[in-house]
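Report on the following structure.
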Amino acid sequence: MHNKAKTLWEIFITFLKIGAFTFGGGYAMIPVFQREMVENKKWITDDDILEIIAIAESTPGPIAINSATFIGYRVAGFFGAFFGTLGVVLPSFLIIFAISFVLRSFQEIQAVRYAFAGIRAGVLALIIKALWTMYKKAPHHLVSYIIMAGSFAVAAFTDINVLYIIIGCALLGLVYSVIADRRAKNGIS
Amino acid sequence: MVFLDLFLTFLKIGAFTFGGGYAMLPLIQEEVAAHGWMPQEALINFVAVSESTPGPFAINIATYIGAEVGGGGSPLLALLGSFGATLGVVLPSFVIILIVAIFYKKFKENKIVKGCMAGLKPAVVGLIASAGLTILTTVFFPNGFSAVMFRELSFYVSLVIFIISLVLIFKKVHPIIVICISAALGVISGYVF
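These protein sequence lines are chains C and W, in that order.
For the first sequence, my numbering begins at 1 and goes up steadily by one.
For the second sequence, my numbering begins at 1 and goes up steadily by one.
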């Protein structure tokens, strides 16, 4: 019983550190996972890390939460998952909650307004970088390009809810995969 | 009730965003606009704040919108709002990953999951592009698209800052440094012109 509590505490503290010290979230956390979980604590292996990334990518939600829940569960079951997730969320929550009170009045200062006008142009550059990264990771064939163009056009120029776009594209991908599988099988036989 | 609304809205966002981070932006933009929670500009400003503070974007934005919408000056209400929104955005991941962790082997080789991913990966590209277009409009054409804006100095100032940031970010300069540089350029041009 005592050991279990100690493990849960360690999971909580480790993920708290990761939540508090990784900027940019998501993939920025992967090298930290590797150092803390694989090398220091030996809770998981390098192969586990690859699997966790694959799972995080094929399930909804932020990669940080997905990994914390998954690793926590691997190490100590349900409560491991709970304390891992709590640990990774808590720093963000506290920091942003504190900032939210000053951010509005802060944004009314003239110099800060000028700064944010510049920052918005910088944010556009960050989004284009993210777009490029996701483009490279997506499959590259005709159907994939059609889905890219289609989801962009529908999201940007119609009032159709983004949720329907996501569900529709998932179904399209499923239909495409089934057809591609059948063709591959027929090709062999 | 606003707290339940925050919780349910972010539950939806958490359950339907694949790829994390900026892939969430289009859905958040849509929900924020539909509820009239805050202007687009405030949302884009917060993207920069989130890049400069630790932690995942999803948690940061949920906590912030929760505090802004729920609060109205009262710290206790802001805390409730933040808590509702953050719990909402975390819960779907937590529950789904728990289920996946239990049935791990079956999930990994599941053809339906693989098939859906073949459609979701390119969809995320399209959705981020759409979020980018909204930001582009806010940055370059804040007063709508017209011939007049090409005579306005602010358009060219934004363009230069954007190009510099783009070059830096593709040269793998850290996002926080890019944000600091674009902020400094914004302040300098604001006072000079």
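Idealized CB from N, CA, C, for every residue including glycine.
Every value quoted in this text rests on a predicted model; they were computed, and no experiment measured them.
Taking 8 Å as the CB-CB limit, is residue 158 (chain C) close to chain W?
False, the Cβ-Cβ gap to chain W never drops below 8 Å.
Nearest-angstrom Cα separation, counted from residue 163 (chain W) out to residue 181 (chain C):
Distance between the alpha carbons of residue 181 (chain C) and residue 163 (chain W) is about 44 Å.
Rounded separation between residue 95 (chain C) and residue 101 (chain C) - CA only:
11 Å
For the region 76–163 of chain C, list the alpha helix (DSSP H) runs that are entirely contained and at least 4 residues long, ordered along the chain.
110–137 and 142–157
Beta-carbon spacing of residue 13 (chain C), residue 43 (chain C) below 8 Å:
no
Could you give the C-beta distance for residue 169 (chain W) and residue 52 (chain W), rounded to a whole number, given that I count them as a contact under 8 Å?
Here residue 169 (chain W) is actually not in contact with residue 52 (chain W); their C-beta atoms are around 14 Å apart, not less than 8 Å.
Pull up the distance between the alpha-carbon of residue 4 (chain W) and that of residue 77 (chain W), whole angstroms please.
13 Å
Within 8 Å (strictly less), CB to CB, does residue 147 (chain C) reach chain W?
yes
Around the C-beta of residue 8 (chain C), are 16 or more other C-beta atoms found within 10 angstroms, so that it is buried, or is it exposed?
buried
Could you tell me which of C:66, C:61, C:40 and C:41 sits nearest to residue 51 (chain C), measuring between CA atoms?
C:66
If you follow the alpha helix (DSSP H) that residue 45 (chain W) is part of, which residue opens it and which one closes it?
40–51
Leaving out five residues before and five after residue 46 (chain C) in sequence, what residues of the same chain have Cβ atoms less than 8 Å from its Cβ?
34 and 38
If you measure from the beta carbon of residue 143 (chain W) to each beta carbon in chain C, is any gap under 8 Å?
no
Looking only at its chain, what residues have a beta carbon closer than 6 Å to the beta carbon of residue 98 (chain C), apart from the 5 residues adjacent to it on each side?
none
Beta-carbon proximity list for residue 185 (chain W), same chain, < 6 Å, skipping 5 on both sides
161
Could you run through the region 112–144 of chain C and flag, in chain order, every residue whose CB is less than 7 Å away from some CB of chain W?
114, 115, 116, 117, 118, 119, 120, 121, 122, 123, 124, 125, 126, 127, 128, 129, 130, 131, 134, 135, 137, 138, 139 and 144
Buried/exposed call for residue 192 (chain W), threshold 16 Cβ in 10 Å
exposed
How is residue 17 (chain W) classed by DSSP in three states: helix, strand or coil?
coil
What's the call for residue 110 (chain C), buried or exposed, on a 16-neighbour Cβ count within 10 Å?
Exposed is the call here.
Going along the chain, which residues of its own chain have a beta-carbon closer than 8 Å to the beta-carbon of residue 91 (chain W), five neighbours each way excluded?
11 and 14
Is the CB of residue 60 (chain C) under 8 Å away from at least one CB in chain W?
yes
Do we get a CB-CB distance below 8 Å when we pair residue 8 (chain C) with the residues of chain W?
no
Are there three or more Cβ pairs, one per stretch, closer than 8 Å when the region 105–116 of chain W is compared with the region 112–126 of chain C?
Flag = no, the region 105–116 of chain W and the region 112–126 of chain C do not touch.
Beta-carbon proximity check, residue 98 (chain W) vs residue 81 (chain C), cutoff 8 Å:
Yes. Within cutoff.
Of all Cβ atoms in chain W, is any one closer than 8 Å to the Cβ of residue 16 (chain C)?
no
Would the region 82–91 of chain W and the region 52–72 of chain W be scored as touching if the rule is three or more Cβ pairs under 8 Å?
A contact is defined here as three or more CB-CB pairs under 8 Å, and the region 82–91 of chain W meets this definition with respect to the region 52–72 of chain W.
Does any CB atom of chain W fall closer than 8 Å to the CB of residue 184 (chain C)?
no
Output, in sequence order along the chain, the residues in the region 69–80 of chain C whose CB is closer than 8 Å to any CB in chain W.
Contacts with chain W (Cβ-Cβ distance below 8 Å) from the region 69–80 of chain C involve 69, 70, 73, 74 and 78, listed in chain order.
Suppose you measure from the CA of residue 154 (chain W) to the CA of residue 78 (chain C); what does that come to, to the nearest Å?
54 Å
So, helix, strand or coil for residue 168 (chain C), using DSSP?
Look at residue 168 (chain C) here: in three-state DSSP terms it is helix.
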